[in-house]
C-alpha cells in the first residue's frame with residue numbers, strides 16, 4: 002500500500018539474518034514530478050502488492066541538496082533517489098549513504114546482471130553505496146523538416162559536419178538577430194555540459210592518480226576550440242540574446258520542440274516529452290558527432306541512483322525496495338517503458354518491447370556502445386565539473402585570452418576543490 006504518514010522511531014542500522022521478515026514503513030525521496038512521479042507511484046503500487054507488510058511513503062521533487070541537508074541534520078529519508086551519478090563519490094566517501102555490500106552478499110544479488118557502466122558509477126573507494134535506478138544515454142536530436150529545407154537528410158557524424166550543418170540550418174531575421182539556430186553551442190544551454198559533450202573528442206576528466214586532466218588531455222582543447230569557433234561565428238551576444246528568449250527545457254516551450262533549434266544534445270527521456278508535448282514534430286536521433294569516425298556510435302552515459310541514508314529508520318525495508326526497483330527485471334522494464342529511461346539490467350536492456358521503438362533503441366545502442374563515456378566519481382561529488390563549468394562560461398564569452406594558460410589554471414582550481422572534498 003502506498004501511503005503518506007510518519008515513519009517509525011529510529012532503529013539501529015544493522016543487517017538482519019537471512020530470511021527475516023521485513024515490515025514497517027519506508028520513506029522514499031525522489032526528484033521526479035508530475036507525469037514522471039505518477040510513473041514511480043504506479044510501480045510502487047506493484048511493490049506494495051507483493052510486499053503487503055511494507056508501507057511506502059513518498060516525497061517527490063527532492064533534489065540532492067535537500068537530501069544531503071536532511072541526512073546532515075539527522076532526519077534523512079530511508080531512501081534517496083538521485084538524478085545524478087556525480088554525487089556517488091561524495092555519498093560513499095562521507096558515509097551519507099551506507100555500504101550496500103553486506104545486503105548484496107547476504108541476499109546473493111548477482112551484480113553481473115547489471116550493465117558494467119552502471120556498476121562502475123555506483124561505487125567509490127571500494128564501497129558500493131548505491132544501486133542504479135535506470136540510466137540516461139545522451140545523443141543528438143535533429144528536426145527532419147528543418148533538415149529537408151536546408152537540403153540535409155542524415156545527421157552529422159563529425160564535429161566538422163555539425164559546424165557545417167549548424168551554419169546551413171541557421172536563419173537570421175532582417176535585423177540580423179537569430180530566428181532559428183542550427184545548433185546552439187553555449188555550454189550553459191539545456192544539456193550542453195562539458196560532460197555530455199566530452200565523448201565528441203574522448204576528453205578525459207582525471208589522470209591515473211586522480212588529478213585534473215583538463216589541462217593536459219588534448220581532447221579538451223580540441224572540444225573547446227571547436228565550440229568557441231562556432232560561438233564566434235554566431236556572435237556571443239547574438240547567441241545569449243537568442244537563448245534568453247527560449248522556453249524552459251522541460252516545458253512544452255522547449256526550443257527544440259518549438260523548432261527554434263534544429264539540432265540539440267539530449268537524452269532518451271526527451272522521447273516521452275516529445276510524445277506528450279510535441280506529437281506532430283518530425284525528428285530523428287543519432288549518436289554524438291566525434292572528431293574520430295572510429296569512435297562514432299557512442300555518447301554520454303549517466304543515470305539515476307538509489308541509496309540508503311546513514312540515519313535510515315528502516316534500512317531493511319529500504320533495501321527491500323531498492324532491490325526490487327533495481328534488480329527485478331519486470332519492475333525495471335515497466336519503469337523504463339513509463340519513464341522512457343534506459344534499463345540497467347542486462348535482461349531488461351534486451352527486452353523486445355523496449356527495443357521495438359527504433360528511436361528508443363538508438364539510445365539503448367548508445368548506452369551499450371564501447372565508445373560511450375561517463376564521468377568518474379570523486380569525493381568532491383560534482384564540484385570538479387561545476388568548477389570547470391564556471392571556466393567554460395567565461396571562456397566562451399571571450400574572457401580567456403590564452404586557452405592553454407586558462408586550462409592550466411582550471412587544473413589548479415579543480416585540484417583544489419577535489420582536495421577539499423567539495
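Numbering (my numbering), first residue to last: 2 to 423.
Cβ coordinates follow ideal geometry from the N, Cα and C atoms, glycine included.
Measure from the alpha carbon of residue i to the alpha carbon of each residue in the options, then state which is nearest.
i	options	result
residue 65	197, 146, 32 and 163	32
residue 114	349, 373 and 401	349
residue 290	276, 329, 318 and 199	199
residue 282	148, 77 and 36	148
residue 294	59, 372, 137 and 417	372
residue 287	414, 417 and 141	141
residue 415	225, 177, 392 and 92	392
residue 386	122, 418, 327 and 157	418
How is residue i classed by DSSP in three states: helix, strand or coil?
i	result
residue 294	helix
residue 222	helix
residue 5	Because the pLDDT of residue 5 is 41, which lies under 50, any placement of that residue in the model is unreliable, and the number read from its coordinates should be weighed accordingly. Reduced to three states, the DSSP call for residue 5 is coil.
residue 270	coil
residue 376	coil
residue 230	helix
residue 12	With a pLDDT of 41 at residue 12, under the threshold of 50, the predicted position of this residue should be treated as unreliable, and no value is reported.
residue 213	strand
residue 206	coil
residue 263	strand
residue 187	coil
residue 423	Residue placement at residue 423 cannot be trusted, given a pLDDT of 49 that sits under 50; what the coordinates show is reported in the next sentence. Of the three classes helix, strand and coil, the one that applies to residue 423 here is coil, per DSSP.
residue 237	helix
residue 299	coil
residue 119	helix
residue 58	strand
residue 381	coil
Over the uninterrupted alpha helix (DSSP H) stretch that includes residue i, give me the two end residues.
i	result
residue 350	347 to 350
residue 28	Careful: residue 28 lies outside any alpha helix (DSSP H), inside the beta strand (DSSP E) at 25 to 30.
residue 429	There is simply no residue 429 to check, as the chain begins at 2 and stops at 423 in what is shown.
residue 363	359 to 369
residue 246	Here residue 246 belongs to no alpha helix (DSSP H), and DSSP marks it neither H nor E.
For the beta strand (DSSP E) that residue i lies in, which residues bound it at each end?
i	result
residue 183	179 to 184
residue 134	132 to 144
residue 332	Run containing residue 332: none in the beta strand (DSSP E); it sits in the alpha helix (DSSP H), 330 to 340.
residue 390	That residue, residue 390, is in no beta strand (DSSP E); its alpha helix (DSSP H) goes 384 to 397.
residue 285	284 to 287
With a threshold of 8 Å, establish whether the CB of residue i neighbours any heavy atom of the ligand SAM.
i	result
residue 136	This structure lacks the ligand SAM, and indeed carries no ligand of any kind.
Taking residue i and residue j to be in contact with their CB atoms under 8 Å, please state how far apart those CB atoms are, rounded to whole angstroms.
i	j	result
residue 143	residue 284	6 Å
The region 230 to 250 / the region 402 to 410 touching (three or more Cβ pairs under 8 Å): no
Sufficient close CB pairs (3 or more, under 8 Å) joining the region 121 to 131 to the region 301 to 309: yes
The region 285 to 302 contacting the region 192 to 209, beta-carbon criterion three pairs below 8 Å: yes
Segment contact, 8 Å Cβ cut-off, at least three pairs: the region 15 to 33 with the region 309 to 323: yes
Segment contact flag, the region 262 to 280 with the region 204 to 218, C-beta cutoff 8 Å, min 3 pairs: At 8 Å Cβ cutoff, the stretches do not touch.
Three-pair Cβ contact test at 8 Å for the region 375 to 389 versus the region 72 to 90: yes
Stretch-stretch touch, CB-based, cutoff 8 Å, three pairs: the region 182 to 189 with the region 159 to 170: yes
Any 3 or more C-beta pairs closer than 8 Å across the region 27 to 45 and the region 72 to 80: At 8 Å Cβ cutoff, the stretches touch.
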